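As numbered in the working numbering, the sequence shown has no gaps in its residue numbers, which increase by one up to the final residue, 347.
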Amino acid sequence: MDLIFPDRIALAQRPTVLQPLPRLSKRYGKKISLWRDDLTGWEFSGNKIRKLEYLCAEAARHGADHLVTCGGPQSNHARATAFAARRLGWDITVVVREPPEGLHHNAPASGNLLLNQLLGANFLYVPYDDYQAGGGVYEPFLEKAARELTAVGARPYIIPEGGSCPTGCWGYLDATRELLSESNGETLDLFCAIGSGGTFAGLELGRELLDAPFRLHGVNICDSAGYFEQRIQGLLADTNTRYADHGVDYIQESLNIHDGFVGSGYAVASDDDLRFYGEIAREEGILLDPVYTGKAFRGMLALISEQPGEFSENIVFLHSGGQLATFAYTDQYSRILKDA
Ligand SMILES: Cc1ncc(COP(=O)(O)O)c(C=O)c1O
Numbered sequence: 008m009d010l011i012f013p014d015r016i017a018l019a020q021r022p023t024v025l026q027p028l029p030r031l032s033k034r035y036g037k038k039i040s041l042w043r044d045d046l047t048g049w050e051f052s053g054n055k056i057r058k059l060e061y062l063c064a065e066a067a068r069h070g071a072d073h074l075v076t077c078g079g080p081q082s083n084h085a086r087a088t089a090f091a092a093r094r095l096g097w098d099i100t101v102v103v104r105e106p107p108e109g110l111h112h113n114a115p116a117s118g119n120l121l122l123n124q125l126l127g128a129n130f131l132y133v134p135y136d137d138y139q140a141g142g143g144v145y146e147p148f149l150e151k152a153a154r155e156l157t158a159v160g161a162r163p164y165i166i167p168e169g170g171s172c173p174t175g176c177w178g179y180l181d182a183t184r185e186l187l188s189e190s191n192g193e194t195l196d197l198f199c200a201i202g203s204g205g206t207f208a209g210l211e212l213g214r215e216l217l218d219a220p221f222r223l224h225g226v227n228i229c230d231s232a233g234y235f236e237q238r239i240q241g242l243l244a245d246t247n248t249r250y251a252d253h254g255v256d257y258i259q260e261s262l263n264i265h266d267g268f269v270g271s272g273y274a275v276a277s278d279d280d281l282r283f284y285g286e287i288a289r290e291e292g293i294l295l296d297p298v299y300t301g302k303a304f305r306g307m308l309a310l311i312s313e314q315p316g317e318f319s320e321n322i323v324f325l326h327s328g329g330q331l332a333t334f335a336y337t338d339q340y341s342r343i344l345k346d347a
């Protein structure tokens, strides 16, 4: 059965281009290109907007007028969802998981939290201990928020963490078609960062169901490869079940997830990491973000220099955006730049 793509609301600017990185290509002896999904053109929404195109279409089908989503205070996904909601004339509620040390609610907000305030989002703050006591997942809090909204006459639609659910997977399944055309169907190794798994899962579905000639590699920037292998296999199986009538029949394969590049933890960048992003900026005129693409890109270069024979001559790295987070590292960057 041919694939039947569900409805989507066009929000992203596409196709995004493949940009060659000539100096890094020379240094690593491979043709390395950047897939510029940081330029999807939607208020810096990077990879998130591709998932949201499908999720918002589903929300509209359900008659929603209010999106409910979640993330940490600096979640790119929550901010992208808030922009999408406002673009469509809807309201937005964000369930914010507070960090272990708590959030200072009277302190000025910055970064994505500030942007969510600017957009007039409603917030449901969940203290870290309550989140853990709820099983370490967002679902109970998302459902509570949706129940409360329904009780006051709103029509909420829940978008889970990172938009990484079967409907969100269509974003990168769809993007695979663009990659095939942009790369002229060349054989390649494609790398991406893994944060909640939906981008990788969508590309994996695209690879298999569209018979795309690439090998997919994910670099986890939190948790572990084992955790994501399980989580993403679960997501792929759910997508099979949910979209069997759309021609999705993914046959399970083991996934290439490369561990070892998380560093000291999610969103923690070492001085050495930040120096590396500075070097890449000077060498190629591109900006990697300190939470996702920076760690994954660095991981990719380490892998191809350690085992060049394991990878094809064409390497593509998905730049999934997130550069606004740079400004959350201003003090650390300033210190490093002063010492340089
Ligand atoms: C900039 C950026 N890149 C990559 C990712 C990872 O994508 P995913 O959550 O689909 O694994 C995220 C979000 O988690 C992100 O904000």
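Where is the CB? At the ideal position from N, CA and C, for every residue including glycine. Since the structure is predicted, the reported quantities are computational estimates derived from the model, not experimental observations.
Check: residue i C-beta below 7 Å from any heavy atom of ligand 1
i    : result
F334 : no
I166 : no
F198 : no
N83  : yes
Y273 : no
T157 : no
D256 : no
G306 : no
D280 : no
F268 : no
N123 : no
D296 : yes
I293 : no
G202 : yes
F324 : no
Y299 : yes
F148 : no
G192 : no
S40  : no
Beta-ladder partner(s) of residue i, from DSSP
i    : result
C199 : G225
F318 : DSSP output for F318 lists no bridge partner at all.
Q26  : L41
F268 : None; F268 has no bridge partner.
F324 : L41, F198
G263 : Checking the displayed sequence, the identity of residue 263 turns out to be Asn instead of Gly. Beta-bridge pairing links N263 to H224.
Spatial distance of residue i from residue j (CA atoms)
i    : j    : result
L120 : G316 : 44 Å
A140 : S40  : 44 Å
D196 : A276 : 26 Å
L28  : L310 : 17 Å
T337 : E260 : 42 Å
H111 : L325 : 35 Å
P220 : G209 : 15 Å
Y61  : R15  : 5 Å
G292 : A152 : 43 Å
Y349 : P106 : Absent from the structure is residue 349, since the part of the chain shown begins at 8 and ends at 347.
I166 : L59  : 9 Å
W42  : C199 : 10 Å
G328 : D9   : 32 Å
A158 : T206 : 34 Å
R34  : Q26  : 16 Å
G79  : R104 : 5 Å
T174 : Q330 : 26 Å
C172 : D98  : 21 Å
E320 : S312 : 13 Å
H84  : L281 : 23 Å
L308 : R162 : 46 Å
V102 : G127 : 14 Å
L156 : E150 : 10 Å
R93  : P297 : 27 Å
First and last residue of the uninterrupted alpha helix (DSSP H) at residue i
i    : result
D278 : 278-291
Q124 : 118-125
Q243 : The question names Gln, but residue 243 in the sequence shown is Leu. It spans 232-249 - the alpha helix (DSSP H) in which L243 sits, taken as one unbroken run.
I311 : 300-313
N83  : 83-94
I56  : 55-68
A114 : Premise fails: A114 is in no alpha helix (DSSP H) and is neither H nor E.
S52  : Premise fails: S52 is in no alpha helix (DSSP H) and is neither H nor E.
A182 : 173-189
E215 : 205-216
Beta strand (DSSP E) segment containing residue i, residue limits
i    : result
K37  : Looking at the DSSP string, K37 is not in any beta strand (DSSP E), and its letter there is neither H nor E.
F148 : Per DSSP, F148 belongs to no beta strand (DSSP E); it is in the alpha helix (DSSP H), 146-158.
I343 : Here I343 belongs to no beta strand (DSSP E); instead the alpha helix (DSSP H) covers 337-346.
G78  : 73-78
D98  : 98-104
L131 : 129-133
Y164 : 163-165
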